[in-house]
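Just below is one structure, and these are the notes that go with it.
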Amino acid sequence: MGNWGWYLMVGLITGIWSAMFGVGGGLIMVPILTLAFGLGQKSAQGISLLVILPTALAGYIRYKMNSEISINLPLAGWLAIGGVIGAVIGSHIVFNLPEAILKRMFAALMIGAGISMMVKSFNKPPKTSLPEERVSVAPSEPR
461 MGNWGWYLMV GLITGIWSAM FGVGGGLIMV PILTLAFGLG QKSAQGISLL
511 VILPTALAGY IRYKMNSEIS INLPLAGWLA IGGVIGAVIG SHIVFNLPEA
561 ILKRMFAALM IGAGISMMVK SFNKPPKTSL PEERVSVAPS EPR
């Protein structure tokens, strides 16, 4: 299998895991790109960021098709605005960090996220969604 085949396989695995666990794919793709393909940390992160958009959009469309899942669009919009601003700030910070420091920070993030999720998995089940704003109507008198 040529390199394109391996890249396609990494994309496939990343897409499956992203949709299953609601992650952008960077936690999966960046380590594979750096360890298996020898890319630098910054290059791997840049590629991962580019791949997030179509991957996340495809996953969102499938989630939206499920009527049992409520997606709060105003909440998503506010999170997206903050995310865009944070991405601009974060990318400026990354440009000034040595690769070795960035790799350690990424590893610490992965370890911290993993420990946090493991601990929380033993607690009560999380809410499936945030409450939506609803209009309350007083019951009418029987006729």
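In this text, residue positions in the sequence shown follow the numbering used here: the first is 461, and each later residue adds one.
For each residue, glycine too, the CB sits at the ideal point set by N, CA and C.
This one's a predicted model, so the numbers in the text were calculated from it and none came from an experiment.
Check your understanding: Do the CB positions of glycine 485 and threonine 515 come within less than 8 angstroms of each other?
Key -> It is a contact, given that the beta carbons lie within the stated cut-off.
Point to revise | Segments of 4+ residues assigned as alpha helix (DSSP H) that fall wholly inside the segment 517-580 | key: Every alpha helix (DSSP H) of 4 residues or more that sits fully in the segment 517-580 is shown, in chain order, as 533-555.
Review point. Quick one: Cα of arginine 564 to Cα of proline 558, how far?
Key: Computed Cα separation, rounded: 10 angstroms.
Exercise for review: Would you mind sorting leucine 535 into buried or exposed? The rule is 16 or more other CB atoms within 10 Å of its CB.
Suggested key: Exposed, because fewer than 16 other Cβ atoms sit within 10 Å of the Cβ of leucine 535.
**Study point:** Own chain, CB closer than 7 angstroms to valine 490, minus 5 neighbours either side, in chain order
**Key:** Within the same chain, valine 490 has close Cβ partners Ala504, Gln505, Ser508, Phe566.
Point to revise | Range of the contiguous alpha helix (DSSP H) that encloses phenylalanine 481 | key: That run of the alpha helix (DSSP H) goes 463-481.
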